[in-house]
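Residue numbers (the numbering used here): 2 to 317. Scroll down for the structure; my scribbles are underneath it.
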Ligand code: COA
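Spelled out as structure tokens, the structure:
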């Protein structure tokens with residue numbers, strides 16, 4: 002039996018209403034809007050309110066994706082939630098999202114942590130489970146409340162991150178929005194470059210320059226690998242949806258691949274780095290703004306703590 006073709010049937014996103022600008026941050030730590038914009042491209046980020054949780058944001062993004070796909074909660078039989086900020090260590094936040102959405106009990110629901118590469122890890126996992134023929138419709142969600150693990154007194158990290166959620170509905174397709182390939186990687190030897198240690202200060206710690214260098218190299222490798230596997234040239238990619246960490250990382254990737262800046266979807270100026278939510282947020286924005294059109298070849302590429310990285314190819 003040949004595997005069914007699996008596609009992205011719909012996407013959705015959710016961003017908290019509260020905006021935290023660089024100018025406001027400059028009143029909290031010793032920094033300036035000019036420094037943050039020139040080093041990262043970030044101008045503002047969204048911060049979850051007290052009653053907003055990873056599960057509530059994930060559910061809101063998932064509802065939008067289901068509506069976009071024309072798929073009902075009753076049809077969903079798999080939820081994979083990529084997050085490094087679950088509501089609690091247990092139960093899995095995916096189960097809370099299942100309940101919020103009214104997805105029936107015969108669905109498999111679990112969380113997955115691959116940090117900022119989480120959405121691509123979840124996408125590849127869901128794709129494999131759907132391609133097995135044993136599941137039919139999956140919700141793949143990236144959602145983060147990073148504001149709870151940011152040290153708001155550390156100017157070298159607190160300017161980078163934000164909260165939000167993005168989601169995609171995966172299911173059988175007759176050729177549109179088809180997932181053509183995905184490839185995941187991890188380099189545990191670099192686990193110490195970016196982490197949230199246990200203990201009295203469980204906040205994001207990062208060796209920024211090393212992460213930057215590894216990020217560019219890993220994303221370039223991931224892109225070259227998947228293009229080679231599919232016999233494609235970089236110039237055939239209409240739109241790259243990269244992890245939204247730093248505009249200079251995206252620009253360096255473009256330079257190495259020989260792709261102009263217009264080929265890259267960028268949303269980090271308004272959201273900062275939302276970790277597992279960053280790619281689905283940028284993808285949803287790109288689709289809704291007409292940036293991704295029918296027939297376009299789109300490449301998703303991520304890197305994150307682990308260090309994890311990966312890529313995926315989608316023909317719309
Ligand atoms: N405002 C003003 N100055 C700041 C600052 C801030 N918010 N944060 C750091 N600085 C200072 C540093 O203290 C340092 O000062 P010093 O030279 O007196 O020691 C100076 O700016 C330069 O720091 P450096 O770390 O070399 O800057 P950089 O050009 O590498 O930019 C990052 C810093 C964090 C923006 C950059 O390294 C980066 O984006 N790295 C990747 C991070 C990332 O993507 N993480 C998520 C991965 S999923």
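Don't be surprised by glycine CBs; every beta carbon is placed ideally from N, CA and C.
Beta bridge counterpart(s) of residue i as assigned by DSSP
{"i": "residue 80", "result": "110, 140"}
{"i": "residue 316", "result": "179, 298"}
{"i": "residue 145", "result": "165"}
{"i": "residue 304", "result": "310"}
{"i": "residue 22", "result": "45"}
{"i": "residue 265", "result": "241"}
{"i": "residue 173", "result": "7"}
{"i": "residue 230", "result": "The partner list for residue 230 (beta bridge, DSSP) is empty, contrary to what the question assumes."}
{"i": "residue 187", "result": "309"}
Exposed unless 16 or more other CB atoms sit within 10 angstroms - verdict on residue i
{"i": "residue 165", "result": "buried"}
{"i": "residue 29", "result": "exposed"}
{"i": "residue 24", "result": "exposed"}
{"i": "residue 116", "result": "buried"}
{"i": "residue 237", "result": "exposed"}
{"i": "residue 288", "result": "buried"}
Three-state secondary structure (DSSP) of residue i
{"i": "residue 260", "result": "coil"}
{"i": "residue 254", "result": "helix"}
{"i": "residue 1", "result": "This structure gives no information on residue 1, because the portion of the chain shown stretches from 2 to 317."}
{"i": "residue 97", "result": "helix"}
{"i": "residue 7", "result": "strand"}
{"i": "residue 12", "result": "strand"}
{"i": "residue 29", "result": "coil"}
{"i": "residue 220", "result": "helix"}
{"i": "residue 246", "result": "coil"}
{"i": "residue 91", "result": "coil"}
{"i": "residue 115", "result": "coil"}
{"i": "residue 121", "result": "helix"}
{"i": "residue 135", "result": "coil"}
{"i": "residue 85", "result": "coil"}
Rounded straight-line distance, which links the Cα of residue j to that of residue i
{"i": "residue 174", "j": "residue 219", "result": "31 Å"}
{"i": "residue 33", "j": "residue 273", "result": "15 Å"}
{"i": "residue 207", "j": "residue 70", "result": "38 Å"}
{"i": "residue 186", "j": "residue 5", "result": "25 Å"}
{"i": "residue 76", "j": "residue 103", "result": "11 Å"}
{"i": "residue 131", "j": "residue 35", "result": "46 Å"}
{"i": "residue 194", "j": "residue 254", "result": "20 Å"}
{"i": "residue 250", "j": "residue 142", "result": "24 Å"}
{"i": "residue 74", "j": "residue 67", "result": "7 Å"}
{"i": "residue 235", "j": "residue 201", "result": "46 Å"}
{"i": "residue 282", "j": "residue 140", "result": "14 Å"}
{"i": "residue 252", "j": "residue 42", "result": "11 Å"}
{"i": "residue 248", "j": "residue 171", "result": "29 Å"}
{"i": "residue 196", "j": "residue 205", "result": "6 Å"}
beta-carbon residue i near ligand 3 non-hydrogen atom, thresh 7 Å
{"i": "residue 41", "result": "In the structure shown, ligand 3 is absent; the only ligands present are ligand 1."}
8 Å Cβ cutoff, residue i in contact with chain D
{"i": "residue 304", "result": "You won't find chain D in this structure, because it holds only one protein chain."}
Decide if the stretch 170-179 is in contact with the stretch 300-312; the criterion is three or more beta carbon pairs, one per stretch, under 8 Å apart. Short answer: they don't touch.
Is the stretch 238-245 in contact with the stretch 291-300, if contact means three or more CB pairs nearer than 8 Å? Yes, since at least three Cβ pairs between the stretch 238-245 and the stretch 291-300 fall closer than 8 Å, the two stretches touch.
Are the stretch 180-198 and the stretch 259-271 touching, with three or more C-beta to C-beta distances below 8 Å? Between the stretch 180-198 and the stretch 259-271 there are fewer than three C-beta pairs closer than 8 Å, too few to call the two in contact.
Decide yes or no for the touch test of the stretch 14-25 against the stretch 42-53: beta carbon pairs closer than 8 Å, at least 3 of them. Yes, the stretch 14-25 touches the stretch 42-53.
Can we say the stretch 105-112 touches the stretch 150-162, given the rule of at least three CB pairs closer than 8 Å? Contact annotation: the stretch 105-112 does not touch the stretch 150-162, with fewer than three C-beta pairs closer than 8 Å.
Do the stretch 116-126 and the stretch 89-103 touch if we need at least three Cβ pairs shorter than 8 Å? No, because fewer than three Cβ pairs between the stretch 116-126 and the stretch 89-103 fall closer than 8 Å, the two stretches do not touch.
Is the number of C-beta pairs between the stretch 227-240 and the stretch 185-193 that are closer than 8 Å three or more? Too few Cβ pairs lie closer than 8 Å, so no.
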